[in-house]
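Read through the structure below, which is laid out as structure tokens, and then see the notes.
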Amino acid sequence: MIKLYLAEDQEMLNSALVMLLNLEDEFHVVGSCRDGRQALEEITRLQPQVVILDIEMPSLSGLEIAKKLRAANQPLKIIILTTFARKKYFQEALAAKVNGYLLKDSPSDSLISAIYAILEGNTVFDSKLVSGILNEVPNPLTKRELEVLRALKTKATTKELAASLYLSEGTVRNYISAILSKTGTKSRLDAVNLAQTKGWL
């Protein structure tokens, strides 16, 4: 039997994946949880052959768990399962030497196929993720424009923004105009959301 461990903070998805994996005759899910720190403790104790980690979880992220497992030389295969097709996350996953990086919107049987492929010594990265990163437009914003964009997340008005950045309101408006133009967005909120999705912030 191949022992697996699942760390996923969405309760419904966690339960569904455990059921799906246990349907495979060769798989046995030895544990699952929705908290990163608990996952690390249980993985260390239960010694599964394959761990499936969500990126964003309470206490520790999936990437942090992966790094700690690699630092401890744990002899296991690591799969990151996430909704985030972000370049920054993918680069961190590569640095942590994960064996797989899959998106949650992939067909369920692709996870099972990936597990078998990884156990045979292959590395499996979601093709949509890889092609998206290869075709990704570089960040067009300057360091100062990114500072303004970060401040936009918490400051409601141009006046508040100007005060927090020690700039004049006119200068702030110029920065915002440049940001909207470079990102092709129509509002401050759209610009912030785009930058977060692209991993620029």
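Residues are numbered in my numbering as their position in the sequence shown, beginning at 1, plus a constant of 9.
Just so you know, even glycine gets a beta-carbon here, dropped at the ideal spot from N, CA and C.
> What residues match up with T91 in a beta bridge as DSSP calls it?
Replying inline: Here residue 91 refers to the residue found at position 82 of the sequence shown. Residue pairing of T91 in beta bridges, as defined by DSSP: L112.
> Counting pairs of beta carbons, one from the stretch 16-24 and one from the stretch 95-103, are three or more of them closer than 8 Å?
Replying inline: By the criterion of at least three beta-carbon pairs nearer than 8 Å, the stretch 16-24 is not in contact with the stretch 95-103.
>> One question on the structure: do I121 and L30 come within less than 9 Å of each other, judged by their Cβ atoms?
In response: As a first step, residue 121 is located in the sequence shown; it is residue number 112 there, counting from the start. As a first step, residue 30 is located in the sequence shown; it is residue number 21 there, counting from the start. It is a contact, given that the beta carbons lie within the stated cut-off.
>> Please report the distance separating the alpha-carbon of K86 from that of S186.
In response: Here residue 86 refers to the residue found at position 77 of the sequence shown. Here residue 186 refers to the residue found at position 177 of the sequence shown. The C-alpha of S186 is placed about 47 Å away from the C-alpha of K86.
>> At 4 residues or longer, what runs of the alpha helix (DSSP H) sit wholly inside the stretch 122-201?
In response: The stretch 122-201 contains these whole alpha helix (DSSP H) runs: 136-143, 152-161, 167-174 and 178-192.
> According to DSSP, is L15 helix, strand or coil?
Replying inline: For the purposes of this step, residue 15 is taken as residue 6 along the sequence shown, with counting starting at 1. In this structure, L15 counts as strand in the three-state DSSP scheme.
> Does the stretch 123-135 come close enough to the stretch 146-161 to have 3 or more Cβ pairs within less than 8 Å?
Replying inline: Cβ pair count under 8 Å is below three, so no.
> Considering only the beta carbon of each residue, do L68 and G40 sit closer than 9 Å?
Replying inline: What you label residue 68 is simply residue 59 of the sequence shown in a count that begins at 1. What you label residue 40 is simply residue 31 of the sequence shown in a count that begins at 1. Strictly speaking, residue 68 in this sequence is Ser, with Leu absent from that position. Between S68 and G40, the C-beta gap is not smaller than 9 Å, which leaves the two residues out of contact.
>> With the cut-off set at 9 Å, would you say L13 and Q83 are in Cβ contact?
In response: Numbered from its first residue, the sequence shown carries residue 13 at position 4. Numbered from its first residue, the sequence shown carries residue 83 at position 74. No, the Cβ-Cβ distance between L13 and Q83 is not below 9 Å.
> What number of angstroms, rounded off, separates the C-alpha of N108 from the C-alpha of V27?
Replying inline: The residue given as residue 108 occupies position 99 in the sequence shown. The residue given as residue 27 occupies position 18 in the sequence shown. Cα-Cα distance, rounded: 20 Å.
>> One question on the structure: do S173 and K164 come within less than 9 Å of each other, judged by their Cβ atoms?
In response: Against the sequence shown, residue 173 aligns to sequence position 164. Against the sequence shown, residue 164 aligns to sequence position 155. Yes, the Cβ-Cβ distance between S173 and K164 is below 9 Å.
> If L150 sits next to W209, beta carbons under 8 Å apart, how far is it from one beta carbon to the other, in whole angstroms?
Replying inline: Along the sequence shown, one-based indexing puts residue 150 at 141. Along the sequence shown, one-based indexing puts residue 209 at 200. Rounded, the Cβ-Cβ distance is 7 Å, consistent with contact.
>> Whole angstroms are fine: how far does the CA of Y175 sit from the CA of N202?
In response: By 1-based counting over the sequence shown, the position of residue 202 is 193. By 1-based counting over the sequence shown, the position of residue 175 is 166. Using only the alpha carbons, I get a separation of about 24 Å.
> Which residue from A80, D135, T166 and A200 puts its Cα closest to that of I89?
Replying inline: Here residue 89 refers to the residue found at position 80 when the sequence shown is read from its first residue. The shortest Cα separation from I89 among A80, D135, T166 and A200 belongs to D135.
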